[in-house]
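Beneath this line is the structure, given in structure tokens, with notes to follow.
2 protein chains.
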Amino acid sequence: MKNIYIIGVGLIGGSLAIDIKKHNPEAIIHGISRKEATLDQALALNLIDKKATLEDLVHADLVIVSIPVDATVKLLPTILDKVPDSGLVIDAGSTKEAICKVVENHPKRRNFLAMHPIAGTEYSGPSAAIAGLFVGKTNIICEVEKTAFKLQEQALNLFAAIGMRIRYMNPESHDKHIAYVSHLSHISSFMLGKTVVDKERNERDIFDMAGSGFASTVRLAKSSPEMWTPIFQQNKTNVIETLNEYINNLTHFKTLMESDDFEAIFNEMRNTNHIKEILNGIN
Amino acid sequence: MKNIYIIGVGLIGGSLAIDIKKHNPEAIIHGISRKEATLDQALALNLIDKKATLEDLVHADLVIVSIPVDATVKLLPTILDKVPDSGLVIDAGSTKEAICKVVENHPKRRNFLAMHPIAGTEYSGPSAAIAGLFVGKTNIICEVEKTAFKLQEQALNLFAAIGMRIRYMNPESHDKHIAYVSHLSHISSFMLGKTVVDKERNERDIFDMAGSGFASTVRLAKSSPEMWTPIFQQNKTNVIETLNEYINNLTHFKTLMESDDFEAIFNEMRNTNHIKEILNGIN
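Protein chains in written order, with this note's numbering: chain X, 14 to 296; chain E, 14 to 296.
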């Protein structure tokens with residue numbers, strides 16, 4: 014893989030660029046972005062070797078699409094139109110159903126691999142890119158059987174080189190479960206941040222009282238709205254389901270407090286404590 | 014301060030024991046606990062030098078009370094009864110109103126200092142104790158004017174030695190604001206953990222999909238129910254207020270999603286993003 018094109022050189026695209034270049038020093042990493050400033054920054058940070066445009070994709074051995082998921086749905090058919098027959102296109106979106114759907118009948122569907130690397134931080138843009146982000150992280154691959162075998166092989170070699178663990182899943186299951194273990198956490202964090210910031214707007218000193226527990230629970234409220242709004246939009250039905258259940262659980266907890274049933278409050282917490290064992294499996 | 018008694022040798026008491034001993038090598042650290050096994054563990058971990066009982070407090074130069082806040086309310090008057098006139102008693106509870114209230118008319122009120130060190134982890138018990146836990150952390154002191162001046166001075170020297178930043182506050186303000194920046198985070202985290210664990214109970218593989226974002230938002234769900242139930246009980250009114258606001262914000266977010274108002278969803282997140290600057294001030 015000599016000519017590699019990264020569309021969207023932010024946290025995920027930029028971090029992939031660093032690791033791919035490390036394991037393929039002979040590759041030329043081309044960056045593509047709507048914003049010239051992003052490409053300038055990516056060049057300055059040595060994430061990419063060259064700037065490029067969509068027209069250049071005719072030369073692509075590999076294309077990584079790491080842009081907001083609404084942009085991926087719009088652009089993916091055009092990207093597949095342009096790549097050569099030997100080219101592999103991989104998207105890194107946090108939703109998979111709408112993205113797989115939009116190319117299901119594309120004549121070059123076999124050139125496409127749908128993935129979701131479970132890796133990231135709350136930061137965004139080229140400056141958020143870091144080396145080794147994917148080591149030991151899970152990479153969910155959807156509809157692997159629809160990708161040409163030779164291109165699957167290339168992709169798996171690449172993922173192995175940068176240290177990812179592979180899990181296969183269908184797009185519907187991905188979107189349903191990721192709503193629970195990722196999308197809901199983001200909403201919980203944004204709304205927790207909003208609740209506290211609204212309340213304490215005029216009492217900035219109060220944040221002196223906040224410790225690492227608060228910081229941990231609201232960390233995701235720093236995430237990019239450009240990235241997350243289309244995720245919630247594409248995964249609307251599943252996310253609303255998780256929100257209903259979360260709100261019901263919070264309301265039940267509040268009702269127990271209002272009725273002074275602190276034995277039940279204790280049991281609610283004790284029963285959730287075993288999440289320790291689950292979390293011990295997560296980096 | 015030669016004879017120091019730590020009542021409750023867990024995360025906070027044990028960590029204080031380590032740091033106090035480091036800065037006062039001549040001190041003898043006595044441990045007191047309901048459970049013999051806890052004291053054995055604390056001795057084995059070198060957190061304490063000796064086991065003791067409440068009867069021994071007649072020899073105390075300093076007593077640290079770091080037990081669940083319901084136990085503090087019950088025990089604090091007895092502890093004050095026993096200490097000598099020169100003894101300083103400090104509690105480390107996460108609520109302050111009920112604790113200050115129970116000793117407001119105690120003849121030895123001037124021997125007591127109410128504090129809340131904003132430090133900790135999600136772990137508990139002697140094995141959770143760590144050196145340097147308090148470096149750079151905020152220590153909230155309530156009703157400082159009610160403590161004898163000489164004892165205030167001793168306490169402040171101790172806090173300075175172990176690296177804490179001091180903030181003064183009245184107990185009512187403490188309990189009101191800490192509900193937002195600490196207690197609500199714990200409930201949010203416990204209920205998020207419950208929502209996901211309940212849903213995915215039969216699909217353990219799903220946790221392979223969980224990344225650092227999920228881990229961060231549910232980390233506090235590992236916290237001790239023994240410690241947290243009485244905190245919620247003592248701070249019931251404030252905690253219910255924060256829960257109402259949090260549930261309203263989540264419900265509003267859900268309503269925006271249901272009505273496909275993703276522009277408003279975007280703005281909700283954008284407006285909360287500035288929590289970045291606030292969090293940058295927290296370790």
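Heads up, the beta-carbon is just placed ideally off N, CA and C, and yes, glycines get one too.
Just so it is clear, the structure is predicted and the values come from calculations on it, not from any experiment.
Residue environment, residue i, which counts as buried when at least 16 other CB atoms sit within 10 Å
i         : result
Phe266(E) : buried
Gly181(E) : Going by the sequence as given, residue 181(E) is Tyr instead of Gly. Label assigned to Tyr181(E): exposed.
Asn296(X) : Its pLDDT being 48, under 50, Asn296(X) is placed unreliably by the model, and the measurement read from it follows with that caveat. Classification of Asn296(X): exposed, given that the 10 Å Cβ count is below 16.
Glu68(X)  : exposed
Gly149(X) : exposed
Glu281(X) : buried
Ala57(X)  : exposed
Ala173(E) : exposed
Asn124(E) : buried
Ser229(X) : buried
Thr268(E) : exposed
His36(E)  : exposed
Ala43(X)  : It should be noted that the sequence gives His, not Ala, for residue 43(X). Buried is the call here.
Ala50(E)  : exposed
Asn248(X) : buried
Glu156(E) : buried
Thr91(E)  : exposed
Lys48(E)  : exposed
Pro81(E)  : buried
Asp104(X) : buried
Ala144(E) : exposed
CB contact check: residue i to chain X, cutoff 7 Å
i         : result
Pro238(E) : yes
Glu258(E) : yes
Ile175(E) : no
His72(E)  : no
Met14(E)  : no
His190(E) : yes
Gly77(E)  : The sequence given here places Ile at residue 77(E); Gly does not occur at that position. Chain X, which has no Cβ nearer than 7 Å to the Cβ of Ile77(E), makes this no.
Asp221(E) : yes
Ile20(E)  : no
Ser201(E) : yes
Phe162(E) : no
Closer than 7 Å to chain E by CB, residue i
i         : result
Lys235(X) : yes
Phe147(X) : no
His119(X) : no
Gly100(X) : no
Ile253(X) : yes
Gln246(X) : yes
Phe227(X) : yes
Thr230(X) : yes
Met128(X) : no
Ile131(X) : yes
Leu6(X)   : Outside the shown range of chain X (14 to 296) lies residue 6(X), about which nothing can therefore be said.
Ser28(X)  : no
Leu263(X) : yes
Phe172(X) : no
Proximity below 7 Å, CB of residue i to CB of residue j
i         : j         : result
Pro139(X) : Leu60(X)  : yes
Leu233(E) : His199(E) : yes
Ala30(E)  : Ile19(E)  : yes
Ala65(X)  : Val22(X)  : no
Thr285(X) : Lys207(E) : yes
Thr242(X) : Phe162(E) : no
Ile25(X)  : Ser79(X)  : yes
Glu166(E) : Glu110(E) : no
Leu263(X) : Val231(X) : no
Ala192(X) : Asn251(X) : yes
Val71(X)  : Lys95(X)  : yes
Thr255(X) : Leu197(X) : yes
Phe147(X) : Ile175(X) : yes
Ile244(X) : Thr108(X) : yes
Arg283(X) : Pro38(E)  : no
Lys159(E) : Arg122(E) : yes
Beta-bridge pairing of residue i - partner residues as DSSP gives them
i         : result
Thr151(X) : Arg178(X)
Tyr18(X)  : His43(X) and Val76(X)
The ligand COA heavy atom lying under 6 Å from the CB of residue i
i        : result
Asp94(E) : The ligand COA is absent from the structure shown, which contains no ligands of any kind.
Any chain B beta carbon closer than 7 Å to residue i
i         : result
Thr285(E) : Among the chains of the structure shown, chain B does not appear; the protein chains present are X and E.
_Report the start-end ranges of each alpha helix (DSSP H) in the segment 174 to 214 of chain X that is 4 residues or longer and not cut off at the edges._
184 to 191 and 197 to 212
_Sequence ranges, alpha helix (DSSP H) only - wholly within the segment 36 to 105 of chain E, length at least 4_ = Fully enclosed alpha helix (DSSP H) runs of 4 or longer: 49 to 57 and 82 to 95.
*Quick one: complete beta strand (DSSP E) runs, 3+ long, within the segment 112 to 136 of chain X?*
125 to 130
*Any alpha helix (DSSP H) of 4 or more consecutive residues that is wholly inside the segment 243 to 287 of chain E*: Fully enclosed alpha helix (DSSP H) runs of no fewer than 4 residues occupy 249 to 271 and 275 to 285 of the segment 243 to 287 of chain E, in order along the chain.
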